[in-house]
Amino acid sequence: MTRMNEADPLFEAIVNLSKRRGIVFPSADIYGGFRSTYDYGPIGVLLLRNVKDAWWESMVQKRHEVVGLDASILSPPQVWEASGHLANFTDPLVDCKECGNRFREDKLEDPNACPNCKAKGSFTEARQFNLMFETQAGPVADAGAVAYLRPETAQGMFINFANVLNTSRKKPPFGIAQVGKSFRNEITPGNFVFRTREFEQMEMEYFVPPDDAEKWYEYWCQERMDWYLNLGMTADKVRLRPHDDDELSHYSSGTSDVEYMFPWGWDELEGIANRGDFDLTQHAEHSGQKLDYFDPTTDTRWTPHVIEPAAGATRTMMAFLIDAYTEETGETERTVLRLHHKLAPYKVAVLPLSKKSELEGPAQKLFDELAQVYMCDYDQTQAIGKRYRRQDEIGTPYCVTVDFDTLEDQAVTIRSRDSMEQERVSLDKVLPWLNDKLS
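Going letter by letter, the sequence shown gives residues 102 to 540 in our numbering.
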């Protein structure tokens, strides 16, 4: 992964748009910021939520064999000892002796030259740096109080395997899904919200009979690829890349990454891994608890294998943002986020043509009706053309203008974001009209 040049025009445009339109703010901005942390503003929180909701709808809501979980962020060392994170969750760290900057050795384009000061042969010997955040649980800071912020959501699902199995009455193949925050003490965070120390993941552990693992691995590779395409991601900018043998984790018999063509090149949005029975076996051995499945059809016990689709919610949001960003020139100049309507922060904006009180009543009444179904914006400031442009920039698919003719004909003008075409629709038909377009 290469860090983006911050002078890249697209990078600058996305960052500027994000701050100007309330998508992403630098965290603690009034104190000079806190590196690699971001706050999601009024538009960004909706966009990120819609990405997560679209994932949840696809992975849980529309599947009878997948259930949800919300596991703890804090966990004891035993979890991470069993999973191998305490011993193996490391990156090779080097320091430049000339400028003092630190880098991941495996991500350097030239391992003999500092990318910051260009000094040759200035790096220290590489040392392994554990990426987990360690903290103390309780009033006394001693070894018995050590806890960790989770670096992934997966382990919470593995250690709850028996709980979910017993309470949900599922049987393999079945899945446990989770969306939540994870924390990694990255050496070189960067590329805006792509690589940060605090981020959100969308993960699912799919437990299958051992003999069926390869079939389900191929199934989930295709399912996850289709999800991005069905939400409008440009087909030639997203790909499924199988890992080479030397990339595979020791427990994985197959892993593929869904990658997006970012301005800095292809980079990972999601990994789909055939993890075998490693995780359940490890936690069973370390905990002394049974984490297997009794199959009544064969009267045998066996440990399921796991297929894991694991996506980054924040970086996926960034990919959709970049993919949708369009600058139109010519007769009409505007910036448009051509987001799929499922991802758009607001589905519709209600725009009274004037602040005059006689328009506020019908405009507010229409907003109240539409807001029962859709996330709506209400905007009555500036000229109508500027308001259209503002909605275009945040990806709102439709704007509904309440004008003075509305008082006479009980109709409004609906404008489409993508085509800019306008249509006159009766007030009592607005909601059915939107239902048809946004279904």
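Beta carbons are placed, not taken as given, at the ideal position from N, Cα and C, and that holds for glycine. Predicted, not measured: the structure shown is a model, and the values here were computed from it.
*Near Ile-485, what residues of its chain come up, given a Cβ to Cβ distance below 8 Å and the 5 sequence neighbours on each side ignored?*
If we look at Ile-485 and ignore the five residues flanking it on each side, its Cβ neighbours are Leu-452, Leu-454 and Thr-502.
*For Thr-497, collect the residues of the same chain with a Cβ closer than 8 Å to its Cβ; drop the 5 residues on either side in sequence, then sort them by chain order.*
Ala-445, Pro-446, Tyr-447, Lys-448, Val-449, Ala-450, Asp-478 and Arg-518
*Please name the residue, chosen from Gly-185, Val-265, Thr-254 and Glu-494, that lies closest to Ala-280 on a Cα-to-Cα basis.*
One point to set straight first is that residue 280 is Val, not Ala, in the sequence displayed. For Val-280, the nearest C-alpha among the options comes from Thr-254.
*Mind the definition here: the stretch 388 to 396 touches the stretch 119 to 137 only if three or more C-beta pairs lie below 8 Å; say whether that holds.*
For the pair of segments examined, the stretch 388 to 396 was found not to touch the stretch 119 to 137: the number of CB pairs separated by less than 8 Å stays below three.
*asked:* Would you call the stretch 404 to 419 in contact with the stretch 295 to 305, where contact means no fewer than 3 C-beta pairs closer than 8 Å?
replied: yes
_C-alpha distance - Leu-250 paired with Gln-179, whole-angstrom precision_ = Between Leu-250 and Gln-179, the C-alpha separation is close to 13 Å.
*Of the residues Trp-156, Arg-121 and Gly-133, the one placed nearest Tyr-141, counting alpha carbons only*: Arg-121
_So, with DSSP's three-state summary, where would you put His-384?_
helix
*Just to confirm, are Thr-401 and Ile-373 a CB contact at a threshold of 8 Å?*
no
*Please report how far the alpha carbon of Ala-152 lies from the alpha carbon of His-442, in whole angstroms.*
As written in the sequence, residue 152 is Val, which differs from the Ala given in the question. Each residue's Cα considered, the two are about 11 Å apart.
*Mapping DSSP to helix, strand and coil, what is Met-102?*
Per-residue confidence for Met-102 stands at a pLDDT of 35, beneath the threshold of 50, marking its modelled position as unreliable; the derived number appears in the next sentence. The answer is coil: DSSP assigns Met-102 none of H, G, I, E or B.
_At the level of alpha carbons, what is the spacing between Gln-229 and Thr-433?_
C-alpha separation (whole angstroms): 54 Å.
*Three or more beta-carbon pairs under 8 Å between the stretch 148 to 166 and the stretch 272 to 287, yes or no?*
yes
*Classification of Glu-459 by the beta-carbon crowding that lies within 10 angstroms, buried from 16 upward*: exposed
*Are the beta-carbon atoms of Ile-408 and Ala-314 separated by less than 8 Å?*
Contact: yes.
*State the beta-bridge partners of Gly-257 as determined by DSSP.*
Beta-bridge pairing links Gly-257 to no other residue.
*Answer yes or no: do Lys-208 and Ala-214 have a C-beta to C-beta separation smaller than 8 Å?*
no
*Take His-83 and list the residues in its own chain whose beta-carbon comes closer than 6 Å to its own, dropping the five residues that flank it on each side.*
The requested residue 83 is not part of the displayed model; the chain covers only 102 to 540.
*Starting from the N-terminal side, write out each stretch of the alpha helix (DSSP H) that is 4 residues or longer and does not extend beyond the stretch 243 to 302.*
255 to 260 and 262 to 269
*Between the beta-carbon of Pro-216 and the beta-carbon of Arg-205, is there less than 8 Å?*
no
*Specify, as a first and last residue, the run of the beta strand (DSSP E) that Gly-355 falls within.*
Residues 355 to 363.
*Following the continuous alpha helix (DSSP H) through Thr-417, name the residue where it begins and the one where it ends.*
Residue range 414 to 425 is occupied by the alpha helix (DSSP H) that includes Thr-417.
_Whole runs of the beta strand (DSSP E) within the stretch 435 to 506, excluding any shorter than 3 residues_ = You should have 435 to 438, 449 to 453, 477 to 479 and 499 to 503.
*How do the stretch 312 to 329 and the stretch 259 to 269 stand: do at least 3 beta-carbon pairs fall below 8 Å, yes or no?*
no
*Taking C-beta to C-beta, are Pro-405 and Asp-368 nearer than 8 Å?*
No, they are not a contact pair.
*Thinking Met-568 and His-186 are a contact (beta carbons under 8 Å), I'd like their distance in whole angstroms, please.*
With the chain running from 102 to 540 in the structure shown, residue 568 is simply not present.
*Measuring CB to CB, does Ala-172 end up less than 8 Å from Asn-261?*
Yes. Within cutoff.
*Kindly indicate which three-state DSSP category Ala-172 falls into: helix, strand or coil?*
The answer is coil: DSSP assigns Ala-172 none of H, G, I, E or B.
*Which two residues bound the contiguous alpha helix (DSSP H) that contains Gly-145?*
Segment 143 to 157, the alpha helix (DSSP H) holding Gly-145.
*8 Å CB neighbourhood of Met-476 in its chain, flanking five on each side removed*: Leu-147, Pro-446, Tyr-447 and Lys-448
_Does Pro-178 come out as helix, strand or coil in the three-state DSSP assignment?_
helix
*asked:* From the DSSP secondary-structure annotation, give me the bridge partner or partners of Gly-123.
replied: Answer is none; Gly-123 lacks a bridge partner.
_Selection from Asp-109, Leu-528, Gln-492 and Arg-491 that minimises the alpha carbon distance to Leu-508_ = Leu-528
*Give the DSSP-derived three-state secondary structure of Phe-308 in the structure shown.*
Reduced to three states, the DSSP call for Phe-308 is strand.
_Secondary structure of Leu-199, DSSP reduced to three states_ = Reading off the sequence shown, one finds Glu at residue 199, where the question assumed Leu. Three-state result, Glu-199: coil.
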